[in-house]
Amino acid sequence: MSKLRCPCGHTIVDQRDNIPYKASYRKDKDLESYMSVADEIADFQKAIETGEREEWIKKYFSEDYLGIHPSNLEVIRDVISGWDFQYRGEMFQCEKCGRIAIEKDNSNVFSFFKPDDNDSNGIFDIS
Ligand SMILES: [Zn+2]
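Taking the working numbering, I'd label the letters of the sequence shown as residues -13 to 113.
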């Protein structure tokens, strides 16, 4: 999503990192599947220990990916990033009206929910 039109008329823009009105979520029912990314990382670690690192990377990603000579840390980050993408949905809060837009099933289709109070603006920017 790069732009999303809120029912209030405001345009929600998603064109950079660290957006204070953006968040992501994972469905609770997907937690066990999501956490199995640890199995993928353990498998990669085993491949390193048995001298099969390059074969593992080619099989998991591609020969082209291996060609960029990723460090072990980069490989692990890319495994987690790809895994996260499968399970992550995006949410945005309209800065004008406070509505929350929630992505349905990683589909780039959003449903809007309007808060009952006026104190909810900036809900994704609270530290
Ligand atoms: Zn709005």
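C-beta atoms are modelled at their ideal positions from N, C-alpha and C, and glycine is treated no differently.
It should be emphasised that the depicted structure is a prediction, and the values quoted were computed from it without experimental measurement.
What's the C-alpha gap between Tyr20 and Val(-1)? Along the sequence shown, one-based indexing puts residue 20 at 34. Along the sequence shown, one-based indexing puts residue -1 at 13. Those two C-alpha atoms are separated by around 28 Å.
Since I believe Phe30 is in contact with Ile62 (beta carbons under 8 Å), could you give me their beta-carbon distance rounded to a whole number of angstroms? As a first step, residue 62 must be located in the sequence shown, where it is residue number 76. As a first step, residue 30 must be located in the sequence shown, where it is residue number 44. Indeed they touch by this definition, with Cβ atoms about 7 Å apart.
I'd like to know if the segment -9 to 11 and the segment 79 to 93 are in contact, where contact means that at least 3 CB-CB pairs between them fall below 8 Å. yes
So the beta strand (DSSP E) Tyr51 belongs to, where does it begin and stop? Stepping through the sequence shown from its first residue, residue 51 is reached at position 65. Counting along the chain, Tyr51 falls outside any beta strand (DSSP E), though it belongs to the alpha helix (DSSP H) covering 49 to 53.
Are Leu132 and Lys44 touching if we call contact CB-CB under 7 Å? Lying before the first or after the last residue shown, residue 132 is absent from the chain, which here runs from -13 to 113.
What residues match up with Val(-1) in a beta bridge as DSSP calls it? Taking the first residue of the sequence shown as 1, we reach residue -1 at position 13. Answer is Lys(-11).
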